[in-house]
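Per my numbering, residue 2 is the first one in the sequence shown, and the count goes up by one each step.
Notes to accompany the following structure.
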Amino acid sequence: DGCDREFPLTRRNLKRRFSDSFTSPQQQPLSLLPEDPVLRQLEKEHEEATRVKNIQKITIGEWEVDCWYFSPFPEEYAHCDQLWFCPKCLKYMRWEATLSRHLVDCEYVRGPPGRVIYLEGDLAVYELDGERPEMKLYCQNLCLLAKLFLDHKTIYYDVAPFLFYVLCRVGEEDACEVVGFFSKEKQSLDNYNLACIMVLPPWQRHGYGRFLMSLSYELTRREGKQGTPERPLSDLGVVSYKRFWGRELLLHLMRMKRTDNHVDLVAKRLGFTTSDVVDTLKDLNIPVKAGKIQPVANKRLSELLNSKFKLKPEHVEFVPEALYWPVAQE
Ligand code: ACO
Ligand code: ZN
Numbered sequence: 002d003g004c005d006r007e008f009p010l011t012r013r014n015l016k017r018r019f020s021d022s023f024t025s026p027q028q029q030p031l032s033l034l035p036e037d038p039v040l041r042q043l044e045k046e047h048e049e050a051t052r053v054k055n056i057q058k059i060t061i062g063e064w065e066v067d068c069w070y071f072s073p074f075p076e077e078y079a080h081c082d083q084l085w086f087c088p089k090c091l092k093y094m095r096w097e098a099t100l101s102r103h104l105v106d107c108e109y110v111r112g113p114p115g116r117v118i119y120l121e122g123d124l125a126v127y128e129l130d131g132e133r134p135e136m137k138l139y140c141q142n143l144c145l146l147a148k149l150f151l152d153h154k155t156i157y158y159d160v161a162p163f164l165f166y167v168l169c170r171v172g173e174e175d176a177c178e179v180v181g182f183f184s185k186e187k188q189s190l191d192n193y194n195l196a197c198i199m200v201l202p203p204w205q206r207h208g209y210g211r212f213l214m215s216l217s218y219e220l221t222r223r224e225g226k227q228g229t230p231e232r233p234l235s236d237l238g239v240v241s242y243k244r245f246w247g248r249e250l251l252l253h254l255m256r257m258k259r260t261d262n263h264v265d266l267v268a269k270r271l272g273f274t275t276s277d278v279v280d281t282l283k284d285l286n287i288p289v290k291a292g293k294i295q296p297v298a299n300k301r302l303s304e305l306l307n308s309k310f311k312l313k314p315e316h317v318e319f320v321p322e323a324l325y326w327p328v329a330q331e
């Protein structure tokens, strides 16, 4: 088999549109190896495996996407030029024909195997627990898929300590298409509220990254916590987060009471860490004295907002009221 020419796919070859002049100033993180010896060995082998890009492109749903980085697929897949992903269960295959056979009886009809926690318009978010046997494989596949677009070490197989928030577009007949996701440690000693975020390249620059970041902070606020994404951030992670923090902070400054200008209080209300707020204020050239944000005229704040942080009208928006979380335990 190997070449099923009858399988109809709309081909859209989307290349990475990000300027390569961005260079990563960050160090590779030290890997936190899992305790389970088998998983430990797997992670280690992959850590040592070459970082040279192996898979050149993937097909997922109607998209054909050029890959950016190495991802540690199991040996028999690791040296393929192209992989075909089932858009529903995220199983990956070496041949288009295998995929078309699989699609006939893929058991995932209604999207990822988790609970819907957000539903608004044509967007749905599913919450998955990497520990649950019926969700584990999906989460592992998602991590392998994500690594194709991430330049630093992430988890791939040891998904049990994480929750996954998968953003889907719901189409006709409730067909779900994965747009992006983020993972989150169930318990983080470092106040991390997000471990890894990825939006598939065809969907990037449409506000989905920002949507996922908004969701991550809404969860943090509902937990009564303050959080920050796991470091290091990728180049794209840095630009997207700076933009997110800047906009959220400006909006908050515009509507807060003048007397509520303590950096700590502002951070608490936003669910940001104090240091993220301080850094963002610095980026915005807004002075802080004795822990208090100095007054800035609303006119200047809205000028800043409109000049540097304006959203495109077609960008998707996160609606907090459409988030049903926490969900009562079964
Ligand atoms: N070039 C320049 N600026 C960009 C780019 C780009 N390619 N992509 C995003 N930005 C900036 C823009 O200012 C953009 O706003 P704009 O389109 O209005 O100008 C802003 O970031 C946010 O854009 P979104 O559309 O909300 O974000 P997107 O859906 O593109 O997702 C993400 C951002 C998740 C970082 C995506 O680029 C991605 O998946 N990258 C690959 C994986 C990755 O690097 N993840 C982050 C790792 S760090 C971590 O996981 C903790
Ligand atoms: Zn499938």
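Just so you know, even glycine gets a beta-carbon here, dropped at the ideal spot from N, CA and C.
Rounded straight-line distance, which links the Cα of residue j to that of residue i
i, j, result
"R211", "L151", "17 Å"
"C81", "E174", "33 Å"
"V279", "H263", "11 Å"
"L285", "L138", "43 Å"
"K313", "D37", "46 Å"
"L282", "G238", "19 Å"
"D277", "D67", "33 Å"
"L84", "R222", "39 Å"
"E77", "H103", "18 Å"
"A323", "Y166", "15 Å"
"V117", "S72", "28 Å"
"E97", "C144", "22 Å"
"L305", "H253", "13 Å"
"W69", "I59", "11 Å"
"K54", "I61", "18 Å"
"W246", "V105", "44 Å"
"S235", "Y119", "27 Å"
"F74", "C140", "14 Å"
"N142", "P296", "49 Å"
"P30", "L190", "Low confidence applies to P30: its pLDDT is 35, below 50, so where it sits in the model is not reliable enough to give any reading."
"I287", "Y218", "23 Å"
"W204", "S308", "24 Å"
"S241", "V39", "36 Å"
"A79", "R95", "10 Å"
"S101", "I198", "29 Å"
"V317", "P134", "33 Å"
"K92", "T99", "11 Å"
"V289", "D265", "12 Å"
"E65", "T275", "41 Å"
"P88", "D261", "47 Å"
"C107", "E315", "33 Å"
Unbroken beta strand (DSSP E) run spanning residue i, endpoints
i, result
"R206", "Per DSSP, R206 belongs to no beta strand (DSSP E) and is neither H nor E."
"E128", "124-130"
"T60", "58-61"
"Y1", "The question about residue 1 has no answer, for the chain in this structure spans 2 to 331."
"V179", "177-186"
"R232", "Run containing R232: none; DSSP gives neither H nor E here."
"N194", "193-195"
Residue span of the alpha helix (DSSP H) that contains residue i, given as start and end
i, result
"V66", "Segment 64-67 is the beta strand (DSSP E) holding V66; no alpha helix (DSSP H) there."
"W246", "236-256"
"V278", "275-284"
"N142", "134-148"
"V267", "264-271"
"V320", "Unbroken run through V320: none, as it is neither H nor E."
Status (buried if at least 16 other CB within 10 Å, exposed otherwise) for residue i
i, result
"A291", "exposed"
"P327", "exposed"
"N192", "exposed"
"A125", "buried"
"K187", "exposed"
"L201", "buried"
"K311", "exposed"
"N194", "buried"
"C4", "Any reading at C4 must be qualified, since the residue scores a pLDDT of 34, below 50, and its modelled position is unreliable; the value itself is stated next. Its Cβ having fewer than 16 others within 10 Å, C4 is exposed."
"G112", "buried"
"A196", "buried"
"G122", "exposed"
"G172", "exposed"
Given residue i as reference, the closest of the options once Cα atoms are compared
i, options, result
"E249", "A268, H153, T260", "A268"
"V180", "E76, R133, H207", "H207"
"I294", "K311, V328, K300, R259", "R259"
"Y339", "C177, L306, F182", "Nothing can be reported for residue 339: it is not among the residues displayed for the chain, which extend from 2 to 331."
"P233", "C144, S303, H153", "H153"
"K243", "L254, L100, P230", "P230"
"N299", "G272, K309, R256, W64", "R256"
"G225", "P134, R270, K89", "R270"
"R301", "L251, D265, V289", "L251"
"Y158", "T275, F319, M136", "M136"
"P321", "P88, L220, E315, D261", "L220"
"D130", "I156, S303, K185, E63", "K185"
Presumed contact (8 Å Cβ cut-off) between residue i and residue j, rounded CB distance
i, j, result
"A161", "E128", "Not confirmed; about 15 Å, so no contact."
"L149", "I56", "6 Å"
"F273", "Q227", "6 Å"
"L168", "Y209", "6 Å"
"L216", "F86", "With 8 Å as the limit, L216 and F86 do not qualify as a contact, their Cβ atoms being about 23 Å apart."
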